[in-house]
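Residue numbers (this note's numbering), protein chains in the order written: chain Y, 1 to 158; chain X, 1 to 270. Below is one structure; the comments refer to it alone.
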């Protein structure tokens, strides 16, 4: 089948099998930042934003999201300037192997949009669908708190 | 495989009786099995009436296409302690809650459901469209497997009455499937238990209302509450699960039952 998708603000026209998952379609088309982990909706590596909500792309049939707004972690940054949240992950050392990071950043981004200054408990709840097998989460929580501060400061500056 | 993208419920009803038709609300259950090549997939996400949430006239109505996350958010806005807000807000994980739909969950009825217990406790009714169009009590729907084919869950509704609530999901970690859940609602008037509803899920019966527990406390003065020998009221229908043996789960359920009752009747939840 053929359909158009709005990925990171760009309309894409693709041919794809009727039973293809969004994860597989995005990776086939070069969106390597969308990681393939468990394929069961458990690990969160494949997370993308679907109309501003975080979802597991491995659990979505591509046919059901044609014409809808899909964003990967690449869409957060403006030009060459990394998004403050991405900078915060780097500064906090919250990235080890990096496999979970795109999903983590997107989950944190969704939280911080709704709640710019979340508690540790709120961060844990918002990231409950994203597993990290390297860092033990302490640095990730730190990164989200730092990212929140940076996003608030950026908003004040603008 | 072919895809249909209906815009109205009538269009869906038109294909419901046909062979190999699978409804796709957006949730995750479909991907647990292999999709067959000759399937006609019906994408329900374009039907606006399935996405509606209406709270008026003392009734709350939630469309079958409403996600767990959206239902929890909207219900918590008007009542943070609402049993469905508590249950759906803790089910699965955030990315999944943004996709799992109420209608899909009601149809699939997985044993780990965080939806069926609260709906049963609330005395919810389902509005079906298809071969059994009309309203159907949740309990009847659970008893009648034939209602699960040839029908679409258009919406579900329940009274918007205010309750004291307690929801418990027995898990090993916060993102685990629950081995069992308790949904408890209580109304008190003049220091007496006016109405009590206790619903257990996760046993071999999937959903059980513990009527004997309700009878023990209903109409009684909360000061005279008696939590002795509650294990007699916990059914023996538990089955072995990865979480533990049937007897272990029954013991845990007894503890959870007492905690819930103590919380609802003003005592220490322990």
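Note that CB positions come from ideal geometry on N, CA and C, so glycine has one too. Values in this document were obtained by computation on a predicted structure and should not be read as measured data.
### Query
Which residues does DSSP pair with residue 109/X in a beta bridge?
Residue 109/X pairs with nothing; no bridge assigned.
### Message
Determine, for residue 45/X, whether the minimum Cβ-Cβ distance to residues of chain Y falls below 8 Å.
### Response
yes
### Task
Report back the beta-carbon spacing between residue 223/X and residue 191/X to the nearest angstrom; my notes put them in contact at under 8 Å.
7 Å
### Query
Once you ignore the five residues that flank residue 19/X on each side, which residues in its own chain have a CB closer than 7 Å to its CB?
none
### Cβ pair count under 8 Å reaching 3, the stretch 175–190 of chain X against the stretch 236–252 of chain X
yes
### DSSP bridge partner residues for residue 55/X (one or two, in chain order)
60/X
### Task
Please name the residue in 145/X, 78/X, 108/X, 48/X whose C-alpha comes closest to that of residue 58/X.
78/X
#### Entry: Cβ shell of residue 63/X (< 6 Å), same chain only, five flanking positions each side left out
50, 51, 52, 155
### Message
Is it buried or exposed, residue 266/X, if we count other Cβ atoms within 10 angstroms and call 16 or more buried?
### Response
exposed
### Query
Expressed to the nearest angstrom, what Euclidean distance is found between the alpha-carbon atoms of residue 107/Y and residue 141/Y?
12 Å
### Message
Can you look up residue 145/Y in the DSSP assignment and give me helix, strand or coil?
### Response
helix
### Query
Looking at C-alpha atoms only, which residue of 103/X, 91/X, 148/X, 126/X is the closest neighbour of residue 113/X?
91/X
### Query
Should residue 139/Y be labelled buried (16 or more other beta-carbon atoms within 10 Å of its own) or exposed?
buried
### Task
Take residue 71/Y and list the residues in its own chain whose beta-carbon comes closer than 7 Å to its own, dropping the five residues that flank it on each side.
8, 48, 49
### Query
In terms of alpha-carbon separation, which member of 13/Y, 112/Y, 96/Y lies closest to residue 132/Y?
96/Y
#### Entry: Residues within the stretch 30–56 of chain Y neighbouring chain X, beta-carbon criterion of under 7 Å
41, 44, 47, 53, 54, 55, 56
### Query
Which chain Y residues sit within Cβ distance under 8 Å of residue 26/X?
60, 64
#### Entry: Coil, strand or helix - residue 258/X by DSSP
helix
### Query
Counting Cβ pairs closer than 8 Å, one from the stretch 69–78 of chain X and one from the stretch 26–38 of chain Y, do we hit at least three?
no
#### Entry: Interface flag, residue 9/Y vs chain X, CB-CB below 8 Å
no
#### Entry: residue 8/X versus residue 132/X - alpha carbon distance
18 Å
### Query
residue 128/Y versus chain X: which residues are under 8 Å apart at the beta carbon?
93, 94, 174, 175
### Query
residue 290/X: buried (16+ other C-beta within 10 angstroms of its C-beta) or exposed?
Because chain X here runs from 1 to 270, residue 290/X falls outside it and cannot be looked at.
### Task
With a threshold of 16 other CB atoms inside 10 Å of the CB of residue 38/Y, please say whether the residue is buried or exposed.
exposed
### C-beta atoms of residue 153/X and residue 103/X nearer than 8 Å
yes
### Helix, strand or coil at residue 48/X [DSSP, three-state]
helix
#### Entry: First and last residue of the uninterrupted beta strand (DSSP E) at residue 188/X
181–189
### Query
Given a threshold of 16 other Cβ atoms within 10 Å of its Cβ, counted over all protein chains shown, does residue 129/X qualify as buried or as exposed?
buried
### chain X within 8 Å of residue 1/Y, Cβ atoms only
yes
### Message
Could you compute how far the alpha carbon of residue 117/X sits from the alpha carbon of residue 204/X?
### Response
14 Å
### Task
Could you check the C-alpha separation between residue 278/X and residue 82/Y for me, to the nearest Å?
Nothing about residue 278/X can be read from this structure; chain X reaches only from 1 to 270.
### residue 46/Y - DSSP class collapsed to helix/strand/coil
coil
### Assigned secondary structure, residue 136/X (DSSP; H/G/I helix, E/B strand, else coil)
strand
#### Entry: Alpha-carbon spacing of residue 145/Y relative to residue 44/Y, whole angstroms
20 Å
### Query
Checking contacts by CB at 8 Å: is residue 99/X closer than that to chain Y?
yes
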